[in-house]
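Q: So the protein sequences, as listed, match chains E and U. First residue of the first sequence? That's 1 in this note's numbering, and the numbers climb one at a time after it. First residue of the second sequence? That's 501 in this note's numbering, and the numbers climb one at a time after it. We put the beta carbon where it would ideally sit given N, CA and C, even for glycine. Values in this document were obtained by computation on a predicted structure and should not be read as measured data.
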Amino acid sequence: MSAPTFLSVRGIRKSFGSVKVLHGVDLDLPAGSVTALLGENGAGKSTFVRILAGDHHADEGNIEIDGAPIAFRSVAQSREAGIRLIAQEIADAPTLSVAENITLGALPNKLGFVDYGAMRSTAQRALDSLGADLQLDAPVSSLRLGERQIVEIARATAGASRCLIFDEPTAALSDAETKRLFALIERMKSRGVAILYITHRLDEVFAIADRVCVLRDGRVSLDAKVADVDQTAVVTAMVGRAVASHQDHHVYAETGAARLVEVRGLTSDSFFNIDVGVAPGEIVGIYGKIGSGVPELAGAIFGAVPHASGEILVEGKPVIFRHPSEAIAHGLGFLPADRASEGLLRSRSVAENLAAPSWRRLARGAFISRRIETSAFGRWHKTLKVRSRPDGAERIATLSGGNQQKVLLGRWLEAGSKLLLLVEPTRGVDVGARQEIYQVLRDLARQGHGILIASSDYEDITEAATRAIVMVRGQMVAHLPQNEISTARLTEAAGGGAYA
Amino acid sequence: MPDTIQTTGAVPASTMRARMKAPEWGALLIFLLAEIVFFTINSPYFLSWPNIVNIITALSITGILAAGGTILLIAGQFDLSVGSGTAFVALMFAIAAQSLGIMPAVGVAVLVGVGIGMLNGFLVTVVGVNALITTLGTLAIFRGLTLSIGGASSVRITGFDWAIARPFLDIPLSAVLFLVIAVGIAVLLSRTVFGRTIYAIGANENAARLVGIRTKKTLFLGFVISGVCMAITGLVSASQLGSTSGTTGTGLELAVVTAIILGGSSLKGGTGSMFGTVLGLLIVGVLNNGMTLMNINSTWQQVAAGTLLILAVSFDQIRQRFIRA
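Next comes the structure, spelled out in C-alpha cells:
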C-alpha cells in the first residue's frame with residue numbers, strides 16, 4: 001500500500017550567516033500518513049518546518065507538492081497549498097475570543113463585514129472535532145496553557161488543510177487532551193491529510209507515527225517505517241552514539257539527618273493541605289499533570305508565589321519567605337518551569353547567568369568583575385558538562401536548551417544551595433543532555449544535597465527520584481517508595497493510562 | 501563521555517557571535533569619526549580646543565540626565581520627566597535662594613530632585629503604573645507647576661555662576677561635572693553588583709526576582725538616581741543661565757532618549773552601556789555643533805538628529821536580522 005506523496009522535499013540547504021543549519025534534507029510526506037520528525041535541539045527541526053511553512057526560504061533544494069515544483073515565498077503561499085503549522089510557541093491573539101482566534105486569518109465575512117454566525121459555527125465544529133469544551137466568547141487570555149494549545153490546533157484544523165505540521169504539541173496538554181489530539185490525528189489521517197509530527201517523546205512516536213525521520217546536524221540520519229525500528233535505533237540516530245541508559249541508580253539510605261525542608265498542611269488556591277519533606281541525600285519526585293498544582297507547590301516553598309496557610313520548616317525552624325532572596329539565604333535554590341520567561345537572562349553572558357544569585361558573595365566590596373564570574377563558571381563548567389566556551393563569555397541565548405538548563409542548575413551549586421527545588425528540570429531538553437542532568441542530580445544527592453523534582457514528565461521521576469508523590473488537582477493521591485516507581489504506577493495514579 | 505566531540509560543534513557559532521558583537525560600538529565610532537572628518541574639512545575652527553570644549557559643554561545637561569536615563573533604560577524603564585524636573589528644580593532653587601541664601605537652596609534643590617525621583621519610583625514600583633505613563637504624567641505636572649509658580653517671566657539668580665568657571669584647561673565646571681558623572685555611572689554599571697542587577701532586571705525581571713534580586717527596590721533606586729541627576733542639571737542650568745523660566749529644559753527628555761538609543765541601549769532593556777550613551781551624545785553634539793559652524797539653521801539640526809536616530813535603529817534592526825540564526 002503506497003499512498004500518493006503529498007509533499008516531497010529534496011536537497012534542502014539553509015544557512016544563517018556563516019552557520020549552516022540544514023545540509024541537504026530529503027523527506028517525503030505521504031498523504032494519509034503520520035511522519036514523526038525527531039532530533040536533538042539544534043538539529044535543524046524548527047528551521048526545516050519553518051521552510052515548509054513559508055516562514056524561512058531555503059538557500060537550495062526543491063519542494064514539490066503533488067509532483068509539481070513549488071517555491072514558497074511567503075506564509076500565505078504555504079497556507080494556500082494547504083499546509084498548516086501548529087507552532088511550539090503559542091502565537092494567538094490573547095485579547096480576542098476563542099471563536100475569533102480559531103477563525104483568525106480566515107474570518108468568515110460578507111462584503112468585508114464579519115459574519116458572526118458563520119464564525120461561531122466554524123469554531124464550534126473545530127472544537128467539537130477535538131472534543132474540547134470551551135466557551136466561544138471567552139478571551140483566550142483567560143484560558144490555561146493547554147487550552148490555548150487546543151485553540152491553536154482548532155485553528156489549524158478548522159479550514160480545509162492537506163498537511164498539518166505539529167511542533168511538540170503535547171508539551172502543554174493533559175493526558176486526556178493528548179488522547180483526544182491523537183484521535184483527531186487519526187481522523188485527519190483517514191481523510192488523507194499528510195501529517196508531520198515533531199516530538200521529543202519516543203512513546204508518542206510509537207503510539208501514532210507510521211514513519212520516523214530523524215535529523216542530526218542538519219542531515220537526515222534515519223528515515224524508516226516505525227514498524228522496522230526500535231527505541232534504541234531512534235535514539236542512536238538522534239545522538240549519533242549509543243546513550244548510556246540509567247544503569248546508575250542512586251538509592252537513598254535514611255541517615256537520620258534533619259530534613260532540609262518540611263512542609264506541613266501547605267494550602268493555596270492551587271493545592272491543598274500538602275505535607276512533604278526532603279532530607280539530605282534524598283530526591284523526592286512530585287508528579288502531576290497540568291492543573292495538579294505541582295509547580296505552584298514548588299514555587300510556594302521558595303517564596304516565589306504566595307500560599308494561604310500551612311507551615312514551612314527549614315532545618316527544623318519555621319520560616320516565612322516573603323521574597324525568593326530570603327529562601328536563597330536559607331540555602332534553597334529554584335529552577336523554574338519556564339526557562340525563557342522565568343529563568344534566563346537572555347541578553348547576558350553564560351557566566352553572568354550562572355553567577356547571578358552569588359553576586360553579593362563573590363563581589364569585592366561593591367565591585368564585581370567579569371573575571372570573578374568567569375572563575376565561578378569555571379568551577380562548574382566541567383561538572384555540568386556545559387557545551388560552551390570555557391570562559392562562558394557568550395550570550396546564554398546561543399546555547400541549546402539542555403545547556404541552558406545546566407547553567408541554571410549551576411547557579412544554585414555556585415550559590416551553595418543545600419536544597420534544590422526543580423520544576424520541569426528537563427523540559428525542552430534533548431535525550432543526551434537529559435541523561436546528563438539526571439546523572440548530575442544523582443551525584444548531588446550523594447554529596448548530601450536534598451532535591452525536590454516537580455514535574456509533569458514521568459521520566460524525570462522514574463530516572464532520578466528516590467521516592468515519589470503523585471498529585472491530582474491540588475491533592476496528594478499517592479506515595480511511592482523507590483522500588484515501586486514506574487511509568488505505569490505514576491500515570492495510573494495521575495488518573496490516565498498510557499496512550500496505547 | 502567524549503567531551504571533545506561535542507564541544508567542537510559549538511565553537512563556530514560562538515566565535516561568529518563574538519565577531520558580530522564588535523560592530524555595535526564600531527559602527528558608532530566610525531560614524532562619529534566620519535562626522536569629525538567631514539566638519540574638519542568644512543570648517544577650520546571645528547577641531548580647535550575651544551570648539552571641542554564647546555561641544556562637551558553644550559552636552560553637559562543632556563549628558564548628566566542621560567547618565568541616569570541609561571541606568572533606567574538598561575533596566576527596561578523610562579524617565580520622561582527629566583526636562584520638566586530640571587526646570588522645577590531650578591525654579592525651587594531660585595525661590596529658595598532669594599529667601600534662604602545659596603547653600604540652603606542647594607539643599608532644597610537636591611531634596612526636590614530626589615523627591616521627583618521618589619515619586620516616579622513609588623508610582624512605578626509600588627502602585628505598578630507603567631513607567632512611560634507615570635513619567636509622562638509627572639512631565640506634565642512639573643512643567644505645569646513650574647509655569648504656574650514661576651509665572652511667565654524668568655526668575656533671576658545672582659551669585660551662583662560656578663558652572664561657567666574654568667579652573668583648568670579652559671574647561672567649564674559643568675562639562676567637568678558631566679565627565680565625572682559619566683565615568684562614575686560607567687563604573688557603577690559595569691563593575692558593581694548594583695550594575696549587574698540593573699542589567700539582570702532589564703534582561704528578565706521575573707528571572708531576576710527568582711535569583712534573589714530585590715527588583716522593586718533596585719528600580720526605585722534607579723528612579724531616585726535619575727532624580728538626583730535632575731537636581732544636578734537644575735543647578736547647572738540655573739548657574740549657566742543666571743536665571744530660570746517656564747521653558748527651561750523643554751524637550752530635554754527627547755534629546756536624552758535619542759542619545760541613549762543611538763548609543764545602542766535596547767528599548768527592551770538588558771543591553772547598553774554608558775560608553776555607548778556617550779558616543780550617542782557625541783554623535784548628536786558634533787552634528788549640531790558642525791552644522792552651526794556651517795551656518796545651517798538650528799531647526800534643521802532637529803531634522804538631522806531625528807533622521808539619525810531612525811537610521812541608527814533601522815541599521816540595528818537589519819543587523820539583528822542577520823545575526824539571528
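Excluding sequence positions up to five away, which residues of its chain have a Cβ less than 6 Å from the Cβ of K385 of chain E?
A: Locating residue 385 of chain E in the first sequence gives position 385, where the first residue counts as 1. The residues are E436.
Q: Please report how far the alpha carbon of R187 of chain E lies from the alpha carbon of T426 of chain E, in whole angstroms.
A: On the first sequence, residue 187 of chain E is found 187 positions in, with the first residue counted as 1. On the first sequence, residue 426 of chain E is found 426 positions in, with the first residue counted as 1. Each residue's Cα considered, the two are about 32 Å apart.
Q: Do you know how far the Cα of D460 of chain E is from the Cα of R50 of chain E?
A: Taking the first residue of the first sequence as 1, we reach residue 50 of chain E at position 50. Taking the first residue of the first sequence as 1, we reach residue 460 of chain E at position 460. Cα-Cα distance, rounded: 30 Å.
Q: Using a Cβ-Cβ cutoff of 8 Å, what residues of the region 313 to 324 of chain E are near chain U? List them in chain order.
A: The residues in question are H323 and P324.
Q: Return helix, strand or coil for F72 of chain E, following the three-state DSSP convention.
A: Here residue 72 of chain E is taken as the residue at index 72 of the first sequence, counted from 1. In the structure shown, F72 of chain E sits in coil (DSSP, three-state: anything other than H, G, I, E or B).
Q: Going along chain U, which residues have a C-beta under 8 Å from I451 of chain E?
A: The residue you call residue 451 of chain E lines up with position 451 of the first sequence. Near I451 of chain E there are no residues of chain U at all, since even the closest Cβ is about 17 Å away, more than 8 Å.
Q: Excluding the five sequence neighbours on either side, which residues of its own chain have a C-beta within less than 6 Å of the C-beta of I63 of chain E, listed in chain order?
A: As a first step, residue 63 of chain E is located in the first sequence; it is residue number 63 there, counting from the start. Correct list, in chain order: V9 and I70.
Q: Are any of the Cβ atoms in chain E nearer than 8 Å to that of S514 of chain U?
A: Here residue 514 of chain U refers to the residue found at position 14 of the second sequence. Bear in mind that the predicted position of S514 of chain U carries a pLDDT of just 40, short of 50, making it unreliable; the figure below should be weighed with that in mind. Chain E, which has a Cβ nearer than 8 Å to the Cβ of S514 of chain U, makes this yes.
Q: Assuming Q447 of chain E is part of the alpha helix (DSSP H), what are its boundary residues?
A: Residue 447 of chain E sits at position 447 when you count from the first residue of the first sequence. Element bounds for Q447 of chain E: n/a, residue is neither H nor E.
Q: Using a Cβ-Cβ cut-off of less than 7 Å, give me the residues of the region 325 to 348 of chain E that come near chain U, in sequence order.
A: Listed in sequence order: S325, I328, F334, P336, S341, E342, G343, L344, L345, R346, S347 and R348.
Q: With DSSP run on the structure shown, which of helix, strand or coil describes D167 of chain E?
A: Taking the first sequence and counting its residues from 1, the one referred to as residue 167 of chain E is at position 167. Looking at D167 of chain E - three-state DSSP - the assignment turns out to be strand.
Q: Could you check if H250 of chain E is buried or exposed, using at least 16 other CB atoms within 10 Å of its CB as the buried criterion?
A: Position 250 of the first sequence holds residue 250 of chain E. Result: buried.
Q: Please report the straight-line C-alpha distance between G569 of chain U and N789 of chain U, rounded to a whole angstrom.
A: Sequence index remark: in the second sequence, residue 569 of chain U carries index 69 (1-based). Sequence index remark: in the second sequence, residue 789 of chain U carries index 289 (1-based). For G569 of chain U and N789 of chain U, the distance between alpha carbons rounds to 23 Å.
Q: If we cut at 8 Å on Cβ distances, does I368 of chain E have a partner in chain U?
A: For the purposes of this step, residue 368 of chain E is taken as residue 368 along the first sequence, with counting starting at 1. By this cut-off, I368 of chain E is an interface position.
Q: So, using beta-carbon positions, are V440 of chain E and I396 of chain E closer together than 8 Å?
A: Taking the first sequence and counting its residues from 1, the one referred to as residue 440 of chain E is at position 440. Taking the first sequence and counting its residues from 1, the one referred to as residue 396 of chain E is at position 396. Cβ distance not < 8 Å, so V440 of chain E and I396 of chain E don't count as in contact.
Q: Taking the alpha carbon of A703 of chain U as the reference point, which residue from U:L767, U:V784 and U:I732 has its own alpha carbon closest?
A: The sequence position of residue 703 of chain U within the second sequence is 203, counting from 1. That would be U:L767, whose Cα lies nearest to the Cα of A703 of chain U.
Q: Would you check if the region 722 to 740 of chain U and the region 662 to 681 of chain U touch, i.e. whether three or more CB-CB distances between them fall below 8 Å?
A: Result yes; three or more Cβ-Cβ pairs closer than 8 Å.
Q: From the beta carbon of W359 of chain E, is the nearest beta carbon of chain U less than 8 Å away?
A: Mapped onto the first sequence, residue 359 of chain E falls at position 359. Chain U, which has a Cβ nearer than 8 Å to the Cβ of W359 of chain E, makes this yes.
Q: Is the region 592 to 604 of chain U in contact with the region 706 to 715 of chain U, if contact means three or more CB pairs nearer than 8 Å?
A: Result no; under three Cβ-Cβ pairs closer than 8 Å.
Q: Quick check on E394 of chain E: does DSSP put it in helix, strand or coil?
A: The residue labelled residue 394 of chain E in the question sits at position 394 within the first sequence. Of the three classes helix, strand and coil, the one that applies to E394 of chain E here is coil, per DSSP.
Q: Can we say the region 777 to 793 of chain U touches the region 606 to 614 of chain U, given the rule of at least three CB pairs closer than 8 Å?
A: Touching, no.
Q: Can you pull the chain E neighbours of V683 of chain U, defined as C-beta to C-beta under 9 Å?
A: Here residue 683 of chain U refers to the residue found at position 183 of the second sequence. Residues of chain E passing the Cβ test: none, with the nearest at roughly 15 Å.
Q: At 8 Å on the CB atoms, spell out the chain E contacts of A686 of chain U, in chain order.
A: Residue mapping note: residue 686 of chain U aligns to position 186 of the second sequence, counting from 1. The premise fails here: A686 of chain U is roughly 13 Å from chain E at the closest Cβ pair, so nothing lies under 8 Å.
Q: On a Cα-Cα basis, can you pick out the residue from E:M471, E:S347 and E:Y287 that is closest to R696 of chain U?
A: Residue mapping note: residue 696 of chain U aligns to position 196 of the second sequence, counting from 1. Minimum Cα distance to R696 of chain U is reached at E:S347.
Q: Tell me the rounded alpha-carbon separation between G192 of chain E and I185 of chain E.
A: Translated into positions along the first sequence, residue 192 of chain E becomes position 192. Translated into positions along the first sequence, residue 185 of chain E becomes position 185. Cα to Cα, G192 of chain E sits roughly 11 Å from I185 of chain E.
Q: Quick one: grab the DSSP three-state call for D460 of chain E.
A: Taking the first sequence and counting its residues from 1, the one referred to as residue 460 of chain E is at position 460. Here D460 of chain E sits in helix by DSSP.
Q: Which value, in whole angstroms, describes the spacing of the CA atoms of E40 of chain E and R216 of chain E?
A: Residue mapping note: residue 40 of chain E aligns to position 40 of the first sequence, counting from 1. Residue mapping note: residue 216 of chain E aligns to position 216 of the first sequence, counting from 1. Their backbone Cα atoms lie some 7 Å apart in a straight line.
Q: In chain order, what residues of the same chain have a beta carbon less than 7 Å from the beta carbon of S270 of chain E, not counting five sequence neighbours either side?
A: Counting from one through the first sequence, the residue named residue 270 of chain E turns up at place 270. G293, E296 and G474, listed in sequence order.
Q: Which residues in chain U have a C-beta closer than 8 Å to the C-beta of R411 of chain E? List them in chain order.
A: Position 411 of the first sequence, counted from the first residue, corresponds to residue 411 of chain E. V711, listed in chain order.
Q: Smallest Cα separation from P280 of chain E: which of E:A393, E:E373 and E:L260?
A: As a working note, residue 280 of chain E is residue 280 in the first sequence. Among E:A393, E:E373 and E:L260, the Cα nearest to that of P280 of chain E belongs to E:L260.
Q: Rounded to whole angstroms, what is the Cα-Cα separation between H56 of chain E and R79 of chain E?
A: Counting from 1 along the first sequence, the entry for residue 56 of chain E is found at position 56. Counting from 1 along the first sequence, the entry for residue 79 of chain E is found at position 79. Cα to Cα, the separation comes out at about 14 Å.
Q: V693 of chain U touches chain E at which residues, Cβ-Cβ below 7 Å?
A: As a working note, residue 693 of chain U is residue 193 in the second sequence. Near V693 of chain U (Cβ distances below 7 Å), the residues of chain E are W359, R360, A363, A366 and I368.
Q: Closer than 8 Å by C-beta to L445 of chain E: which residues in its own chain qualify, once you throw out the five before and the five after it? Chain order, please.
A: Taking the first residue of the first sequence as position 1, residue 445 of chain E is located at position 445. The sequence shown places Ala at residue 445 of chain E, not Leu. So the list reads H250, Y252, G281, E282, I283, I451 and T466, once near-sequence residues are dropped.
Q: Can you tell me whether P357 of chain E is helix, strand or coil according to DSSP?
A: Taking the first residue of the first sequence as 1, we reach residue 357 of chain E at position 357. In this structure, P357 of chain E counts as helix in the three-state DSSP scheme.
Q: Output needed in chain order: residues of the region 521 to 551 of chain U with a Cβ under 8 Å from some Cβ in chain E.
A: Cβ contacts with chain E come from no residue of the region 521 to 551 of chain U.
Q: Here's the rule: buried if 16 or more other CB atoms are within 10 angstroms of the residue's CB, otherwise exposed. What is V687 of chain U?
A: Indexing the second sequence from 1 puts residue 687 of chain U at position 187. The residue is exposed, with fewer than 16 neighbouring Cβ atoms inside 10 Å.
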